[in-house]
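Read left to right, the sequence shown gives residues 1 to 131 (full-length UniProt numbering).
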Amino acid sequence: MHHWNINGSQFVPPRCYCGRLRELRTSWTDKNPARGLRMQFLKFFLWLDPQMCPRSKEVILRLLRHIEEVEMELDLLLEQKRELEEKVNKMPKVENDRIIEFEDSKVEHMTNLEEKVVQLSLMNKKLKEEI
Numbered sequence: 001m002h003h004w005n006i007n008g009s010q011f012v013p014p015r016c017y018c019g020r021l022r023e024l025r026t027s028w029t030d031k032n033p034a035r036g037l038r039m040q041f042l043k044f045f046l047w048l049d050p051q052m053c054p055r056s057k058e059v060i061l062r063l064l065r066h067i068e069e070v071e072m073e074l075d076l077l078l079e080q081k082r083e084l085e086e087k088v089n090k091m092p093k094v095e096n097d098r099i100i101e102f103e104d105s106k107v108e109h110m111t112n113l114e115e116k117v118v119q120l121s122l123m124n125k126k127l128k129e130e131i
């Protein structure tokens, strides 16, 4: 395999000697996580990136595992959301109407209570003035 040097770095040409394009891929194995490589037509490959230090591999692998865990948790939460939406949609309309009636009734009672508080405040004020 012929390598070209560009600015002191080795460069693997994008085409094989047979004329076919080499595939650019990334390895995600535990041994070579996130390491770029060029695939040849005959399944021969060349690494584009140097070997990583053990600490870099450990950090990348830990991050990949964490991403997998977060994605699994997200999938679970999305499924729970779908189930809850189905339950809400299956609730009879009557129950929804009852909730609305209850809320309206509650607002009406609060309004009445507020009016009574204002009336009592006025009465209290008058009584204080009389005393």
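We put the CB at the ideal spot given by N, CA and C, even for glycine.
Pairing Ser121 with Asn112, the inter-Cα distance amounts to about 14 angstroms.
Counting C-beta pairs with one atom in each stretch, the segment 46-56 and the segment 64-78 have fewer than three that are closer than 8 angstroms, which means they do not touch. Following the DSSP letters along the chain, one finds Leu63 inside the alpha helix (DSSP H) bounded by residues Pro54 to Lys90. The three-state secondary structure of Thr111, taken from DSSP, is helix. Separation of Pro33 and Lys81 (C-alpha to C-alpha, rounded to the nearest whole angstrom) is 34 angstroms. Under DSSP, Ser27 takes part in a beta bridge, and its partners are Arg35.
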